[in-house]
Amino acid sequence: MASKDRRSPLARARGLGSARGGVNHWWAERVSAIALVPLTLWFLGSIIAHAGSDYAAFIGWLKTPLASISMVLLLLALFHHTALGLQVVIEDYVHSSAKFGAVIMVRLGCIALASAGITAVLRIAFSW
Amino acid sequence: MDPKPPISDMTVARPRPLSPNIQIYRPQLTSVLSIANRITGVMLSLGAVGLVIWLTAAAMGPRVYGEVHAVIASWGGRIILFGFTFAFFMHLCGGIRHLVWDTVHGFELRWIYISGWAVVVGSIALTWVTWTVSLLLAG
Amino acid sequence: MIIESSNQVPRVTLLKRFPVPRNFKVTPQSRIEKGRKWAAPAGASRTKTFEIYRYDPESEANPRIDLFEVDLDDCGPMVLDALIWIKNKVDSTLAFRRSCREGVCGSCAMNMDGTNWLACTRFISDMSKTATIYPLANLPIIKDLVPDTTHLFAQYEMIEPWLHAETPTPEKERLQSPQERSNLDGYYECILCFCCTSGCPSHWWNGDRFLGPAALLQAWRWLADSRDEAKEERLDTLEDPFRLYRCHTILNCTRTCPKGLNPGKAIAEIKKMVIEREA
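Sequences listed follow chains Y, B and L, in order.
With the first sequence counted from 1, adding 34 to any position gets you the working numbering.
With the second sequence counted from 1, adding 18 to any position gets you the working numbering.
With the third sequence counted from 1, adding 16 to any position gets you the working numbering.
Below is the structure:
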């Protein structure tokens, strides 16, 4: 036992006190989840419908306004939900100082990946 | 008169052992489906990375897209894709179950268990349907 | 396969324990070693073997598992009866808490065959062939099956389980309609046995900051009480990423409550109330 904890049980339970927040994270996770239900099903259905299509047909579909907008929305909702979900997982299992670094990396990584994905969709929609 | 020290004060000869938790606690539908929802969620995070790779390849032209497509269509790629499909449906059905709970419905044990088995059966059934339809359409 | 109430003992076992190493994340002083075997007295015809967690704080030894053969014709039908029989007839050093022997005090809460329940309301005939008895999960052990619940009670104290009212005490009673009183049903009956909190994986990993189902159920009991005037302060205390939001609706709590209460539902109600004051 490196450092002796001489706090009373109540002090130990109270810790640093209530953050008086946290509902925004919980709510955003639910809202992004609700958005993801139709978006992912649409994506899955589209992929199945285009199973066996060649590159030109696939790009032709992805260029359409409906497909490109839906894909952008999918990427936004997906990476928002992923960032929130992974943050909770890290907070649950990582208790060392590495926790903050890990959460930051996950958040920034999701922003970067979402940007890359949206850029790809827009490039397809506008240039081909 | 001095108050008695708390019983968990470290005045005993050595720190108290901790009773076992996950080492002995019985896995139940509740805990198993919960960790499955988490594991599938993490798997889908990796799938999201794959989605971005795939979209970037599509934006880079038919040659790059062809290379990526070849990897996906390989036997290893198909097995991974099958796993992802199952993970997707399990997380989707589990997620909907969670959203229903957030409206404070379905908390009676009976409904917890019925909805839980529905998630398991639904995930397997939807995966099977998806792959059957895809393989038929792809020829 | 469909469980209708928490006192249903599962008939089918697909997985006896999670596939983790036997001593996963176990500190050296918590490692369980093999103990001794205590044979049944001569002449016992119907016996059952009980594997019981033992720990002696006055020795240098680690916790161990002792095997006891219990004469079922000589003791009552409940697991608590078997423990009392062992203490009377075989090993008087076996330590465990008990009081009412009828499932209302919460003293004899322990882990039997992998799930938390009260020993006095668990039938021996519902236990598996070799019954395993551990203390409540994830708690410091004082001796044998006696856990140290100081931290759990501190978390309970933190939610201030008493009536907060600035309105001066009326002459007779604080009025409450039958409908308002019914909002407390399913929450006031908690006996603070801590089976639920001790069985919550989120509390295992974050129990220092996550309040756990028992404290949160009682927090809801006071939030749901129409006579209480401190909803704002109570919700401020609870709204925290760890205190409240470590609950991921795993629902081991509702599955294991020996009084048939629903902590998972209570926590969902708290989360709903937090949202309602935001929007």
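Ideal placement from N, C-alpha and C gives every residue a C-beta, glycine not left out.
As the structure is a prediction and not an experimental result, all values here were calculated from the model.
Proximity of residue i and residue j at Cβ, strictly below 7 Å
i	j	result
Ser22 (chain L)	Asn132 (chain L)	no
Ala111 (chain L)	Lys32 (chain L)	no
Thr137 (chain L)	Cys211 (chain L)	no
Met126 (chain L)	Pro151 (chain L)	yes
Asp256 (chain L)	Gly56 (chain Y)	yes
Gly112 (chain B)	Val89 (chain B)	no
Asp89 (chain L)	Arg62 (chain L)	yes
Ser141 (chain B)	Phe107 (chain B)	yes
Leu73 (chain B)	Gly134 (chain B)	no
Ile207 (chain L)	Ile149 (chain L)	no
Ile157 (chain L)	Ser37 (chain B)	yes
Gly59 (chain B)	Gly119 (chain Y)	yes
Glu205 (chain L)	Lys275 (chain L)	yes
Arg54 (chain Y)	Asp252 (chain L)	yes
Asp96 (chain L)	Arg113 (chain L)	The residue you asked about is not Asp; residue 96 (chain L) is Leu in the sequence shown. Result no, Cβ atoms of Leu96 (chain L) and Arg113 (chain L) do not sit closer than 7 Å.
Below-7 Å beta-carbon distance, residue i vs any chain Y residue
i	result
Thr296 (chain L)	Because chain L spans 17 through 295 in this model, residue 296 (chain L) falls outside it and cannot be assessed.
Ser21 (chain L)	no
Glu76 (chain L)	no
Val151 (chain B)	yes
Leu99 (chain B)	no
Met174 (chain L)	yes
Thr74 (chain B)	yes
Ala66 (chain B)	yes
Asp14 (chain L)	Absent from the structure is residue 14 (chain L), since the part of chain L shown begins at 17 and ends at 295.
Arg225 (chain L)	yes
Cβ neighbours of residue i in the same chain (closer than 8 Å, five flanking residues each side left out)
i	result
Phe258 (chain L)	Asn222, Arg225 and Phe226
Gly124 (chain B)	Arg115, Val118, Ile130 and Ser133
Same chain, Cβ closer than 7 Å to residue i, five either side skipped, listed in chain order
i	result
Asn139 (chain L)	The amino acid at residue 139 (chain L) is misidentified as Asn; the sequence shows Phe. Same-chain partners within the cutoff: Pro93 and Met94.
Asn278 (chain L)	Gly202 and Thr270
Ala117 (chain Y)	Val140, Arg141 and Cys144
Cys216 (chain L)	Gly228, Pro229, Ile266, Asn268 and Cys269
Ser218 (chain L)	Phe226, Arg262, Cys263, His264 and Ile266
Ala111 (chain Y)	Ser66, Ala69, Leu70 and Leu73
Gly151 (chain Y)	Leu109
Leu154 (chain B)	none
Lys247 (chain L)	Leu239
CB contact below 7 Å: residue i versus chain L
i	result
Thr48 (chain B)	yes
Pro23 (chain B)	With a pLDDT of only 49 at Pro23 (chain B), under 50, the local geometry of the prediction cannot be trusted, and the value read off the model is given with reservation. Closer than 7 Å: no.
Phe125 (chain B)	yes
Met35 (chain Y)	Caution applies to Met35 (chain Y), whose pLDDT of 44 falls short of 50 and renders its modelled position unreliable; the value that the coordinates give is listed next. Output row for Met35 (chain Y): interface = no.
Pro80 (chain B)	no
Val57 (chain Y)	yes
Ala117 (chain Y)	no
Leu50 (chain Y)	no
Tyr43 (chain B)	yes
Asp2 (chain Y)	Past the boundaries of the shown model lies residue 2 (chain Y); chain Y is included only from 35 to 162, so the question cannot be answered.
Leu62 (chain B)	no
Within-7 Å CB hit, residue i to chain B
i	result
Phe34 (chain L)	yes
Ala91 (chain Y)	no
Glu296 (chain L)	Residue 296 (chain L) lies beyond the residue range present for chain L, which begins at 17 and ends at 295; the question has no answer from this structure.
Leu155 (chain L)	yes
Lys288 (chain L)	yes
Lys247 (chain L)	no
Gly130 (chain L)	yes
Tyr204 (chain L)	no
Neighbourhood of residue i by C-beta distance below 6 Å, restricted to the same chain and skipping five residues each side
i	result
Trp238 (chain L)	Asp244
Leu232 (chain L)	Ile283
Val137 (chain Y)	Gln121 and Ile124
Met105 (chain Y)	Val155
Arg80 (chain L)	Glu49, Gly51 and Arg70
His114 (chain Y)	Ser66
Leu144 (chain B)	Phe107
Cβ-heavy atom distance, residue i to the ligand MG, below 6 Å
i	result
Leu107 (chain Y)	For the ligand MG, the structure offers nothing, since it holds no ligand at all.
Handout entry: Whole runs of the beta strand (DSSP E) within the region 118-152 of chain L, excluding any shorter than 3 residues
Key = 125-128, 131-134 and 146-150
Exercise for the section: State whether the region 72-86 of chain L contacts the region 50-61 of chain L, with contact taken as three or more CB pairs (one from each stretch) at a distance under 8 Å. Expected result: yes
Practice task
Ignoring anything shorter than 4 residues or poking outside the region 254-280 of chain L, list the alpha helix (DSSP H) runs there in chain order.
Solution key: 268-272
Practice task
May I have a chain-ordered list of the alpha helix (DSSP H) segments no shorter than 4 residues that lie completely inside the region 177-239 of chain L?
Solution key: 194-198, 211-214, 217-222 and 228-239
Practice task
Could you tell me whether the region 116-123 of chain B touches the region 282-290 of chain L, using the rule of 3 or more Cβ pairs below 8 Å?
Solution key: yes
Exercise for the section: Flag this pair as touching only if the region 124-140 of chain Y and the region 69-82 of chain B have three or more C-beta atom pairs under 8 Å; answer yes or no. Expected result: no
Practice task
Any chance you could list the beta strand (DSSP E) runs of at least 3 consecutive residues sitting entirely within the region 30-110 of chain L, in chain order?
Solution key: 49-54, 63-70 and 80-87
Problem - Contact the region 29-45 of chain L vs the region 113-122 of chain L: 3+ CB pairs below 8 Å - result: no
Practice task
Mind checking the region 130-155 of chain Y against chain A and listing, in chain order, the residues whose C-beta falls within less than 7 Å of any C-beta there?
Solution key: Among the protein chains of the structure shown, namely Y, B and L, there is no chain A.
Handout entry: Stretch pair the region 76-93 of chain Y + the region 36-51 of chain Y: three plus CB contacts closer than 8 Å
Key = no
Practice task
Count the CB pairs spanning the region 163-182 of chain L and the region 41-56 of chain B that are closer than 8 Å, and state whether there are at least three.
Solution key: no
Exercise for the section: Kindly confirm or deny that the region 141-156 of chain L and the region 179-192 of chain L touch, where touching means at least three C-beta pairs closer than 8 Å. Expected result: Touching, no.
Exercise for the section: Tell me the start and end of each unbroken alpha helix (DSSP H) in the region 84-112 of chain Y that is at least 4 residues and wholly inside, in chain order. Expected result: 89-97
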